[in-house]
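This report concerns only the one structure given below.
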Amino acid sequence: MSHDHVHMPPETKDKRVAIAIWANGILTLAQIGGGIFAGSLALIADALHNFSDMASLVIAFAAQKIARRPADAKMTFGYGRIEIVAALINYTTLIIVGFYLIYEGGMRIIDPPEVKGWWVVWLGGIALAVDALTALLTYSIQKDSVNIRALFLHNLSDALASVAVVIGGTLILLYDMRWVDPAITIGIAGYILYLGLTEIGGTIRTLMLGSPVDIDTDAVIVALSNIEGVIDLHHVHFWQMGEHDASLEAHVIIEESAWDQLENIKYRIKQALAQEFNISHSTLEFEHPDHMHKDAHTYGHG
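In our numbering, the protein residues as written are 1265 to 1566.
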(Lines of atoms letter the chains of each structure in order from A and count residues from 1; the text may use other names and numbers.)
(Lines give C-alpha, C1' and ligand atoms only; values in the text may rest on other atoms or scores of the structure.)
Protein backbone atom coordinates (compact mmCIF):
# COMPACT_ATOMS: atom_id res chain seq x y z
CA MET A 1 0.00 0.00 0.00
CA SER A 2 1.94 2.98 -1.22
CA HIS A 3 0.99 6.64 -1.23
CA ASP A 4 2.14 9.08 -3.87
CA HIS A 5 3.02 12.40 -2.34
CA VAL A 6 4.08 15.64 -4.00
CA HIS A 7 7.02 17.01 -2.05
CA MET A 8 6.97 20.78 -2.29
CA PRO A 9 8.63 23.32 0.04
CA PRO A 10 6.13 24.76 2.58
CA GLU A 11 6.95 28.29 1.41
CA THR A 12 5.89 27.41 -2.15
CA LYS A 13 2.61 25.93 -0.92
CA ASP A 14 1.94 29.04 1.16
CA LYS A 15 2.66 31.35 -1.77
CA ARG A 16 0.26 29.43 -4.04
CA VAL A 17 -2.53 29.56 -1.49
CA ALA A 18 -1.92 33.28 -0.83
CA ILE A 19 -2.18 34.10 -4.56
CA ALA A 20 -5.42 32.11 -4.74
CA ILE A 21 -6.85 34.00 -1.72
CA TRP A 22 -6.26 37.41 -3.33
CA ALA A 23 -7.60 36.30 -6.71
CA ASN A 24 -10.80 34.86 -5.24
CA GLY A 25 -11.32 37.87 -2.97
CA ILE A 26 -11.19 40.35 -5.86
CA LEU A 27 -13.37 38.10 -8.03
CA THR A 28 -16.00 37.73 -5.30
CA LEU A 29 -16.43 41.51 -4.96
CA ALA A 30 -16.65 41.92 -8.76
CA GLN A 31 -19.22 39.14 -9.13
CA ILE A 32 -21.46 40.32 -6.29
CA GLY A 33 -21.51 43.87 -7.69
CA GLY A 34 -22.03 42.64 -11.24
CA GLY A 35 -24.67 40.10 -10.22
CA ILE A 36 -26.73 42.73 -8.39
CA PHE A 37 -26.43 45.16 -11.33
CA ALA A 38 -27.21 42.53 -13.96
CA GLY A 39 -29.97 40.87 -11.93
CA SER A 40 -28.29 37.48 -12.28
CA LEU A 41 -28.73 34.97 -9.46
CA ALA A 42 -26.29 32.63 -11.22
CA LEU A 43 -23.57 35.30 -10.94
CA ILE A 44 -24.38 35.90 -7.27
CA ALA A 45 -24.43 32.12 -6.72
CA ASP A 46 -21.01 31.87 -8.31
CA ALA A 47 -19.86 34.81 -6.16
CA LEU A 48 -21.08 33.13 -2.97
CA HIS A 49 -19.27 29.97 -3.99
CA ASN A 50 -16.13 32.02 -4.65
CA PHE A 51 -16.52 33.69 -1.27
CA SER A 52 -16.73 30.28 0.40
CA ASP A 53 -13.59 29.39 -1.55
CA MET A 54 -11.81 32.46 -0.24
CA ALA A 55 -12.84 31.62 3.33
CA SER A 56 -11.72 28.04 2.74
CA LEU A 57 -8.38 29.25 1.42
CA VAL A 58 -7.85 31.42 4.50
CA ILE A 59 -8.74 28.49 6.79
CA ALA A 60 -6.45 26.15 4.84
CA PHE A 61 -3.63 28.71 4.86
CA ALA A 62 -3.86 29.05 8.64
CA ALA A 63 -4.20 25.28 9.09
CA GLN A 64 -1.04 24.63 7.07
CA LYS A 65 0.88 27.04 9.31
CA ILE A 66 -0.46 25.57 12.54
CA ALA A 67 0.03 21.94 11.39
CA ARG A 68 3.79 22.49 11.15
CA ARG A 69 4.16 23.21 14.84
CA PRO A 70 5.98 20.48 16.77
CA ALA A 71 4.29 18.51 19.53
CA ASP A 72 4.33 20.14 22.96
CA ALA A 73 3.00 19.57 26.49
CA LYS A 74 -0.50 20.79 25.54
CA MET A 75 -0.74 18.94 22.21
CA THR A 76 1.36 15.80 22.66
CA PHE A 77 0.21 14.37 19.31
CA GLY A 78 1.20 17.56 17.51
CA TYR A 79 -0.99 19.93 15.49
CA GLY A 80 -1.30 17.98 12.23
CA ARG A 81 -5.01 17.21 12.72
CA ILE A 82 -5.91 20.88 12.36
CA GLU A 83 -5.88 20.26 8.60
CA ILE A 84 -8.58 17.59 9.02
CA VAL A 85 -10.67 20.05 11.04
CA ALA A 86 -10.16 22.70 8.33
CA ALA A 87 -11.33 20.25 5.66
CA LEU A 88 -14.46 19.48 7.70
CA ILE A 89 -15.27 23.20 7.97
CA ASN A 90 -14.73 23.67 4.24
CA TYR A 91 -16.93 20.74 3.22
CA THR A 92 -19.64 21.86 5.65
CA THR A 93 -19.73 25.39 4.18
CA LEU A 94 -19.85 23.84 0.70
CA ILE A 95 -22.97 21.87 1.67
CA ILE A 96 -24.68 24.88 3.32
CA VAL A 97 -24.04 27.04 0.24
CA GLY A 98 -25.44 24.28 -1.98
CA PHE A 99 -28.75 24.06 -0.10
CA TYR A 100 -29.11 27.85 0.00
CA LEU A 101 -28.60 28.15 -3.76
CA ILE A 102 -31.21 25.45 -4.48
CA TYR A 103 -33.73 27.42 -2.41
CA GLU A 104 -32.95 30.74 -4.14
CA GLY A 105 -32.92 29.13 -7.58
CA GLY A 106 -36.34 27.57 -6.96
CA MET A 107 -37.79 30.95 -5.98
CA ARG A 108 -36.42 32.54 -9.17
CA ILE A 109 -37.75 29.82 -11.46
CA ILE A 110 -41.24 30.67 -10.19
CA ASP A 111 -40.71 34.35 -11.10
CA PRO A 112 -37.66 34.83 -13.43
CA PRO A 113 -36.34 38.43 -13.21
CA GLU A 114 -34.83 40.56 -15.97
CA VAL A 115 -31.15 39.63 -16.53
CA LYS A 116 -28.45 41.64 -18.32
CA GLY A 117 -26.87 38.90 -20.43
CA TRP A 118 -23.66 40.69 -21.46
CA TRP A 119 -22.68 41.36 -17.84
CA VAL A 120 -23.28 37.71 -17.03
CA VAL A 121 -21.10 36.57 -19.95
CA TRP A 122 -18.20 38.94 -19.24
CA LEU A 123 -18.07 38.40 -15.48
CA GLY A 124 -18.58 34.66 -15.94
CA GLY A 125 -15.62 34.60 -18.31
CA ILE A 126 -13.40 36.50 -15.84
CA ALA A 127 -14.52 34.12 -13.08
CA LEU A 128 -13.64 31.13 -15.23
CA ALA A 129 -10.10 32.47 -15.72
CA VAL A 130 -9.61 33.06 -11.97
CA ASP A 131 -11.14 29.70 -11.04
CA ALA A 132 -8.92 27.90 -13.54
CA LEU A 133 -5.85 29.70 -12.10
CA THR A 134 -6.80 28.76 -8.53
CA ALA A 135 -7.47 25.14 -9.46
CA LEU A 136 -4.10 25.01 -11.21
CA LEU A 137 -2.33 26.45 -8.15
CA THR A 138 -3.86 23.88 -5.81
CA TYR A 139 -3.88 20.81 -8.09
CA SER A 140 -0.24 19.86 -7.62
CA ILE A 141 -0.47 19.97 -3.82
CA GLN A 142 -3.98 18.56 -3.26
CA LYS A 143 -2.92 14.90 -3.58
CA ASP A 144 -0.89 15.22 -0.37
CA SER A 145 -3.49 16.89 1.85
CA VAL A 146 -7.21 16.42 2.49
CA ASN A 147 -7.24 20.07 3.52
CA ILE A 148 -5.96 21.25 0.12
CA ARG A 149 -8.09 18.64 -1.67
CA ALA A 150 -11.20 20.28 -0.20
CA LEU A 151 -9.94 23.55 -1.66
CA PHE A 152 -9.22 22.03 -5.05
CA LEU A 153 -12.74 20.60 -5.26
CA HIS A 154 -14.12 24.03 -4.35
CA ASN A 155 -12.11 25.56 -7.19
CA LEU A 156 -12.96 22.83 -9.69
CA SER A 157 -16.67 23.19 -9.01
CA ASP A 158 -16.28 26.97 -9.35
CA ALA A 159 -14.67 26.61 -12.77
CA LEU A 160 -17.50 24.36 -13.96
CA ALA A 161 -20.05 26.77 -12.49
CA SER A 162 -18.44 29.65 -14.37
CA VAL A 163 -18.73 27.74 -17.65
CA ALA A 164 -22.43 27.21 -16.90
CA VAL A 165 -22.87 30.92 -16.10
CA VAL A 166 -21.32 31.94 -19.44
CA ILE A 167 -23.59 29.51 -21.31
CA GLY A 168 -26.59 30.83 -19.40
CA GLY A 169 -25.73 34.46 -20.23
CA THR A 170 -25.35 33.56 -23.91
CA LEU A 171 -28.79 31.86 -23.99
CA ILE A 172 -30.35 34.90 -22.33
CA LEU A 173 -28.77 37.18 -24.98
CA LEU A 174 -29.81 35.00 -27.91
CA TYR A 175 -33.25 33.72 -26.85
CA ASP A 176 -34.27 35.74 -23.74
CA MET A 177 -34.44 32.46 -21.80
CA ARG A 178 -34.46 34.07 -18.33
CA TRP A 179 -35.39 30.82 -16.61
CA VAL A 180 -31.99 29.43 -17.62
CA ASP A 181 -30.23 31.59 -14.99
CA PRO A 182 -31.95 30.06 -11.91
CA ALA A 183 -31.94 26.61 -13.57
CA ILE A 184 -28.15 26.80 -13.94
CA THR A 185 -27.95 27.99 -10.33
CA ILE A 186 -29.77 24.83 -9.18
CA GLY A 187 -27.47 22.72 -11.34
CA ILE A 188 -24.41 24.37 -9.79
CA ALA A 189 -25.87 23.80 -6.32
CA GLY A 190 -26.53 20.13 -7.05
CA TYR A 191 -22.92 19.60 -8.10
CA ILE A 192 -21.68 21.48 -5.01
CA LEU A 193 -23.76 19.22 -2.78
CA TYR A 194 -22.50 16.11 -4.57
CA LEU A 195 -18.88 17.13 -3.97
CA GLY A 196 -19.43 18.10 -0.36
CA LEU A 197 -21.48 15.07 0.67
CA THR A 198 -19.22 12.51 -1.03
CA GLU A 199 -16.00 13.93 0.43
CA ILE A 200 -17.04 14.84 3.98
CA GLY A 201 -17.44 11.21 5.10
CA GLY A 202 -13.73 10.42 5.04
CA THR A 203 -12.93 13.56 7.04
CA ILE A 204 -15.51 12.69 9.70
CA ARG A 205 -14.20 9.12 9.83
CA THR A 206 -10.67 10.37 10.55
CA LEU A 207 -11.86 12.75 13.28
CA MET A 208 -13.91 9.92 14.82
CA LEU A 209 -10.72 7.82 15.04
CA GLY A 210 -12.07 5.35 12.52
CA SER A 211 -9.84 2.61 11.12
CA PRO A 212 -7.99 3.60 7.92
CA VAL A 213 -10.18 2.65 4.96
CA ASP A 214 -7.33 1.04 3.02
CA ILE A 215 -6.33 -1.36 5.80
CA ASP A 216 -7.99 -4.75 6.39
CA THR A 217 -7.89 -4.80 10.19
CA ASP A 218 -8.79 -8.49 10.46
CA ALA A 219 -5.92 -9.35 8.09
CA VAL A 220 -3.51 -7.37 10.28
CA ILE A 221 -4.56 -9.28 13.39
CA VAL A 222 -4.25 -12.64 11.61
CA ALA A 223 -0.79 -11.75 10.29
CA LEU A 224 0.48 -10.67 13.72
CA SER A 225 -1.06 -13.72 15.43
CA ASN A 226 0.86 -15.96 13.02
CA ILE A 227 4.22 -14.54 14.14
CA GLU A 228 6.13 -17.15 16.08
CA GLY A 229 5.73 -16.69 19.83
CA VAL A 230 2.45 -14.73 19.58
CA ILE A 231 -0.70 -16.39 20.95
CA ASP A 232 -3.34 -13.73 20.30
CA LEU A 233 -4.16 -10.01 20.31
CA HIS A 234 -6.91 -8.03 22.02
CA HIS A 235 -7.77 -4.44 22.92
CA VAL A 236 -6.76 -3.54 19.35
CA HIS A 237 -7.22 0.03 18.08
CA PHE A 238 -6.57 1.29 14.55
CA TRP A 239 -6.70 5.00 13.76
CA GLN A 240 -5.02 7.77 11.78
CA MET A 241 -3.03 10.49 13.51
CA GLY A 242 -3.02 12.50 10.29
CA GLU A 243 -4.24 11.99 6.78
CA HIS A 244 -1.53 9.46 5.86
CA ASP A 245 -0.22 8.17 9.22
CA ALA A 246 -1.90 4.92 10.21
CA SER A 247 -1.44 3.84 13.83
CA LEU A 248 -2.10 0.73 15.91
CA GLU A 249 -2.37 0.03 19.62
CA ALA A 250 -2.76 -3.51 20.93
CA HIS A 251 -2.24 -5.95 23.77
CA VAL A 252 -0.19 -8.93 22.56
CA ILE A 253 -0.23 -12.25 24.42
CA ILE A 254 3.15 -13.98 24.23
CA GLU A 255 3.83 -17.69 24.74
CA GLU A 256 5.45 -18.39 28.09
CA SER A 257 8.36 -20.19 26.39
CA ALA A 258 9.00 -17.16 24.16
CA TRP A 259 9.00 -14.55 26.93
CA ASP A 260 12.79 -14.21 26.79
CA GLN A 261 12.46 -13.38 23.03
CA LEU A 262 10.25 -10.35 23.69
CA GLU A 263 12.41 -7.76 21.92
CA ASN A 264 12.83 -9.98 18.88
CA ILE A 265 9.06 -10.58 18.67
CA LYS A 266 8.37 -6.86 19.02
CA TYR A 267 10.80 -6.13 16.19
CA ARG A 268 9.10 -8.67 13.91
CA ILE A 269 5.64 -7.26 14.72
CA LYS A 270 6.70 -3.71 13.91
CA GLN A 271 8.47 -4.86 10.75
CA ALA A 272 5.34 -6.69 9.55
CA LEU A 273 3.16 -3.65 10.31
CA ALA A 274 5.41 -1.30 8.36
CA GLN A 275 6.20 -3.52 5.37
CA GLU A 276 2.88 -5.34 4.86
CA PHE A 277 0.34 -2.77 6.02
CA ASN A 278 2.10 0.61 5.91
CA ILE A 279 1.43 1.19 9.63
CA SER A 280 4.30 3.37 10.78
CA HIS A 281 3.35 3.92 14.42
CA SER A 282 2.39 1.24 16.94
CA THR A 283 2.09 0.99 20.71
CA LEU A 284 2.26 -2.57 22.02
CA GLU A 285 1.58 -3.94 25.50
CA PHE A 286 2.77 -7.51 26.03
CA GLU A 287 0.93 -9.93 28.32
CA HIS A 288 2.06 -13.19 29.89
CA PRO A 289 -0.50 -15.99 29.36
CA ASP A 290 -0.79 -16.42 33.16
CA HIS A 291 -1.70 -12.76 33.67
CA MET A 292 -3.61 -11.82 30.52
CA HIS A 293 -6.98 -10.03 30.51
CA LYS A 294 -9.81 -12.55 30.66
CA ASP A 295 -12.68 -12.39 28.12
CA ALA A 296 -11.17 -9.34 26.45
CA HIS A 297 -12.63 -8.17 23.15
CA THR A 298 -10.49 -8.12 20.05
CA TYR A 299 -11.37 -4.48 19.32
CA GLY A 300 -11.74 -1.70 21.85
CA HIS A 301 -11.47 -1.92 25.63
CA GLY A 302 -14.34 -4.33 26.27
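The beta carbon of each residue, even a glycine, is placed where N, CA and C say it ideally should be.
Buried or exposed: where does Asn1528 fall if 16 or more other Cβ atoms within 10 Å of its Cβ makes it buried?
Translated into positions along the sequence shown, residue 1528 becomes position 264. When all chains shown are included, Asn1528 counts as exposed.
Contact between the region 1456-1465 and the region 1384-1392 is defined here as three or more beta-carbon pairs at a separation below 8 Å; is this criterion met?
Touching, no, given that fewer than three Cβ pairs across the two stretches are closer than 8 Å.
Where does His1561 fall in DSSP's three states?
Within the sequence shown, the letter at position 297 stands for residue 1561. His1561: coil per DSSP, three-state reduction.
Expected contact under 8 Å - CB spacing of Val1401 and Arg1280 to nearest Å:
Here the question's residue 1401 lines up with position 137 in the sequence shown. Here the question's residue 1280 lines up with position 16 in the sequence shown. Residue identity differs from the one stated: residue 1401 is Leu in this sequence, not Val. The pair is a contact, with the Cβ atoms about 4 Å apart (cut-off 8 Å).
Closest by CA to Phe1363, which one among Leu1457, Val1484 and Asn1419?
Walking along the sequence shown from the start, residue 1363 turns up at place 99. Of the listed residues, the one whose Cα sits closest to Phe1363 is Leu1457.
In whole angstroms, what separates the C-alpha of Val1394 from that of Gln1535?
The sequence position of residue 1394 within the sequence shown is 130, counting from 1. The sequence position of residue 1535 within the sequence shown is 271, counting from 1. Straight-line Cα distance between these residues: approximately 48 Å.
Just the Cα atoms here: how many angstroms apart are Val1361 and Ala1335?
If you number the sequence shown from 1, residue 1361 lands on position 97. If you number the sequence shown from 1, residue 1335 lands on position 71. Cα-Cα distance, rounded: 35 Å.
Grouping DSSP H, G and I as helix and E and B as strand, with all else coil, what is Val1516?
Residue mapping note: residue 1516 aligns to position 252 of the sequence shown, counting from 1. Reduced to three states, the DSSP call for Val1516 is strand.
Any contact of the region 1518-1526 with the region 1474-1487, i.e. 3+ C-beta pairs under 8 Å?
With the cut-off at 8 Å, the region 1518-1526 and the region 1474-1487 do not touch.
Could one say the Cβ of Val1281 lies closer than 8 Å to chain B's Cβ atoms, at least one of them?
In the structure shown, chain B does not exist; there is a single protein chain.
For Leu1548, does the three-state DSSP call read helix, strand or coil?
In the sequence shown, the residue the question calls residue 1548 occupies position 284. Leu1548 falls in the strand class under three-state DSSP.
Do His1515 and Leu1497 come within 8 Å of each other at the CB atom, strictly closer than that value?
As a working note, residue 1497 is residue 233 in the sequence shown. As a working note, residue 1515 is residue 251 in the sequence shown. In contact: Leu1497 and His1515 (Cβ atoms closer than 8 Å).
Three-state secondary structure (DSSP) of Ala1284:
Working through the sequence shown from its first residue, we reach residue 1284 at position 20. Helix.
DSSP state of Phe1502, grouped into three classes?
Along the sequence shown, read from residue 1 onward, the residue named residue 1502 stands at position 238. It is a strand residue.
Could you work out which residue in Ala1331, Thr1467 and Arg1442 is closest to Ile1346 when comparing CA atoms only?
Looking up residue 1346 in the sequence shown gives position 82. Closest option to Ile1346, Cα to Cα, is Ala1331.
Going along the chain, which residues of its own chain have a beta-carbon closer than 7 Å to the beta-carbon of Val1430, five neighbours each way excluded?
The residue given as residue 1430 occupies position 166 in the sequence shown. Correct list, in chain order: Val1385, Gly1388, Gly1389 and Leu1392.
Give the straight-line distance between the Cα atoms of Leu1293 and Ala1447, rounded to the nearest whole angstrom.
Start at 1 with the first residue of the sequence shown, and residue 1293 comes out as number 29. Start at 1 with the first residue of the sequence shown, and residue 1447 comes out as number 183. Going by the C-alpha atoms only, they are around 23 Å apart.
Around the Cβ of Arg1372, are there at least 16 other Cβ atoms within 10 angstroms (buried) or fewer (exposed)?
On the sequence shown, position 108 is the one that residue 1372 refers to. It counts as buried.
Buried or exposed for Pro1476, going by 16 or more other Cβ atoms inside 10 Å?
To locate residue 1476, count along the sequence shown from 1; it is residue 212. By the beta-carbon neighbour count (other beta carbons within 10 angstroms, threshold 16), Pro1476 is buried.
What separation, rounded to the nearest whole angstrom, lies between the Cα atoms of Gln1295 and Val1444?
The count along the sequence shown starts at 1 and reaches residue 1295 at position 31. The count along the sequence shown starts at 1 and reaches residue 1444 at position 180. Approximately 18 Å, taken between the alpha carbons.
Residues of its chain near Asp1548, where Cβ-Cβ distance is below 7 Å and the 5 sequence neighbours each way are ignored:
The residue given as residue 1548 occupies position 284 in the sequence shown. The question names Asp, but residue 1548 in the sequence shown is Leu. Closer than 7 Å at Cβ, skipping near neighbours: Ala1514, Val1516, Lys1530 and Ile1533.
Lys1338, enclosing alpha helix (DSSP H) - first and last residue
For this step, residue 1338 is matched to residue 74 along the sequence shown. Taken as a continuous stretch (DSSP letters only), Lys1338 belongs to no alpha helix (DSSP H), as it is neither H nor E.
For Ala1351, count neighbouring C-beta atoms within 10 Å of its own C-beta (all shown protein chains included) and say buried if the count is 16 or more, exposed if not.
Locating residue 1351 in the sequence shown gives position 87, counting from the first residue. The residue in question, Ala1351, is buried, as its Cβ has 16 or more Cβ neighbours within 10 Å.
Determine, using beta carbons only, whether Leu1321 and Ile1285 come nearer to each other than 8 Å.
Looking up residue 1321 in the sequence shown gives position 57. Looking up residue 1285 in the sequence shown gives position 21. Yes.
Starting from Asp1482, follow the alpha helix (DSSP H) in both directions and report where the run begins and ends.
The residue you call residue 1482 lines up with position 218 of the sequence shown. Run containing Asp1482: Thr1481 to Ser1489, per the alpha helix (DSSP H) assignment.
Identify, in the order they occur along the chain, each residue of the same chain with its Cβ nearer than 7 Å to the Cβ of Leu1417, setting aside the five sequence neighbours on each side.
On the sequence shown, position 153 is the one that residue 1417 refers to. Same-chain partners within the cutoff: Leu1459 and Glu1463.
For Met1556 and Trp1503, the rounded distance between their alpha carbons:
Locating residue 1503 in the sequence shown gives position 239, where the first residue counts as 1. Locating residue 1556 in the sequence shown gives position 292, where the first residue counts as 1. Between Trp1503 and Met1556, the C-alpha separation is close to 24 Å.
Can you name, in chain order, every residue of its own chain whose Cβ lies under 6 Å from the Cβ of Thr1470, other than the five neighbours on each side?
Position 206 of the sequence shown, counted from the first residue, corresponds to residue 1470. Correct list, in chain order: Ile1348 and Gln1504.
Rounded to a whole number of angstroms, what is the C-alpha to C-alpha distance between Thr1434 and Ala1428?
Mapped onto the sequence shown, residue 1434 falls at position 170. Mapped onto the sequence shown, residue 1428 falls at position 164. Their backbone Cα atoms lie some 10 Å apart in a straight line.
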